[in-house]
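Student: Residue numbers for the sequence shown follow our numbering, so the first one is 464 and each next one is one higher.
Beta carbons: idealized from backbone N, C-alpha and C, even for Gly.
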Amino acid sequence: MQPPGTRTRPRCSATSAPPPGLHGRPFLRSQCPSCWAERGRPGGAGSLVRRRTAFPNGIPAKVEKDWRAPAGVFHLGSLFGYAATPPGGARWPYIQVGPWDAYVDDSSLPQYYNRHVRIDPRQGIPPWFEKQKMRLGDAAYKWMLEIRHNQQPTAPGYGSAIFFHVRRGPDKPSAGCTTMAEGDLTRLLRWLDPSASPHYVLLPKADYAALRAAWGLP
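(1) Count the other C-beta atoms from every protein chain shown that fall within 10 angstroms of the C-beta of Ala-508, then say buried if there are 16 or more, exposed otherwise.
(2) Would you call the CB atoms of Thr-617 and Arg-630 closer than 9 Å?
(3) What does DSSP give as the partner residue(s) for Leu-608 in the beta ladder?
(4) Assign Glu-609 to one of two classes, buried (16 or more other C-beta atoms within 10 Å of its C-beta) or exposed (fewer than that).
(5) Tell whether a beta-carbon distance below 9 Å holds between Tyr-604 and Phe-543.
(6) Can you give me the start and stop residues for the beta strand (DSSP E) that Asp-529 sits inside?
(7) Pick out whichever of His-612, Tyr-663, Ala-546 has its Cα sitting closest to the Cα of Asp-601.
(8) Can you tell which of Ile-588, Gly-551, Ser-571 has its C-alpha closest to the C-alpha of Trp-563?
(9) Run through DSSP, which three-state label would Ala-565 get?
(10) Under the rule that 16 or more other beta-carbon atoms within 10 Å means buried, what is Ala-565, buried or exposed?
(11) Please report the residue range of the alpha helix (DSSP H) in which Tyr-671 lies.
(12) Taking only the alpha-carbon atoms, compute the straight-line gap between Leu-511 and Trp-530 and give it to the nearest angstrom.
(13) Measuring straight from C-alpha to C-alpha, what distance separates Gly-620 and Ser-637?
(14) From the DSSP output, in three-state form, read off Gly-658 for me.
(15) Have a look at Pro-496 and Glu-593 and give me their C-alpha separation to the nearest angstrom.
(16) Determine which residues share a DSSP beta bridge with Phe-537 and list them.
(17) Cβ atoms of Val-580 and Gln-595: under 9 Å apart, would you say?
(18) Locate the alpha helix (DSSP H) running through Gln-595, then write down its first and last residues.
(19) Any idea which residues DSSP pairs Gln-559 with across the strands?
(20) Quick check: what's the CA-CA separation for Arg-502 versus Leu-652?
(21) Should Leu-666 and Leu-674 be called a contact, given that it needs their Cβ atoms to be closer than 9 Å?
(22) Round the Cβ separation of Met-607 and His-628 to the nearest angstrom and send it over; I've been treating them as touching at under 8 Å.
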């Protein structure tokens, strides 16, 4: 787990409650020359996971299917969605999810693990595709913003397919993602500015407090 880079300006941050900690409180901040200015909150609370957050370089470590969210500071990847275009006003790089898109969480496929893959059915449909395909007709995955945990390099088995996405309900945990009501998520997507290189900070409350000064967190 590394501190944020000094050039990072906007940050979406969330703090989670102690275990079992199903909920976190997200907020948006932009860095001024000498301060952090609050730019709003995507919602009153975001739904997180069945268990507390896990530190990627500590104990307990994030592993596949442990129902934990990874803790740390993360780059944001692509925005995926079912629609032909992203939500109105969103500027983030967008990929429409089609019938041949997959996001692989199977650690026995290291060449594809924790990656978006688009197959060409004319070349044959691989046996793993059905369990890894992205377009499931699930409203929770209407919009999915990639949280780049365990990438560059990728270690198979240490967590994959971590996203912001629409929650299924206020008390419905995810398997490691950060979820919120659709209106709150689209507000977040409109706020994000690719040119500003925003990051996502996700930490348990106690760790956020301990690292706040050293990492220059809001």
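Tutor: Concretely, from the data shown:
(1) Only weak support exists for where Ala-508 lies, its pLDDT of 43 falling under 50; the coordinates are left without a value.
(2) no
(3) Leu-542, Phe-627
(4) Residue environment: Glu-609 is assigned as buried (16 or more neighbouring CB atoms within 10 Å of its CB, all protein chains considered).
(5) In contact: Tyr-604 and Phe-543 (Cβ atoms closer than 9 Å).
(6) Boundaries for Asp-529: no beta strand (DSSP E) harbours it, and the DSSP string shows neither H nor E there.
(7) Ala-546
(8) Ile-588
(9) strand
(10) buried
(11) Tyr-671 -> alpha helix (DSSP H) spans 668-678.
(12) Reliability fails at Leu-511, whose pLDDT of 46 lies under 50, so the model's placement of it is uncertain and the value that follows must be treated cautiously. Straight-line Cα distance between these residues: approximately 9 Å.
(13) 18 Å
(14) Sequence check: residue 658 is Ser here, not Gly. Three-state result, Ser-658: helix.
(15) Bear in mind that the predicted position of Pro-496 carries a pLDDT of just 44, short of 50, making it too unreliable to give a figure here.
(16) Tyr-663
(17) yes
(18) 592-595
(19) Gly-544
(20) Note on Arg-502: pLDDT 45, under 50, position unreliable in the model; the coordinate value appears next. Within the model, the alpha-carbon separation for Arg-502 versus Leu-652 is close to 13 Å.
(21) yes
(22) Right, the Cβ-Cβ distance comes to about 5 Å (below 8 Å), so this counts as a contact.
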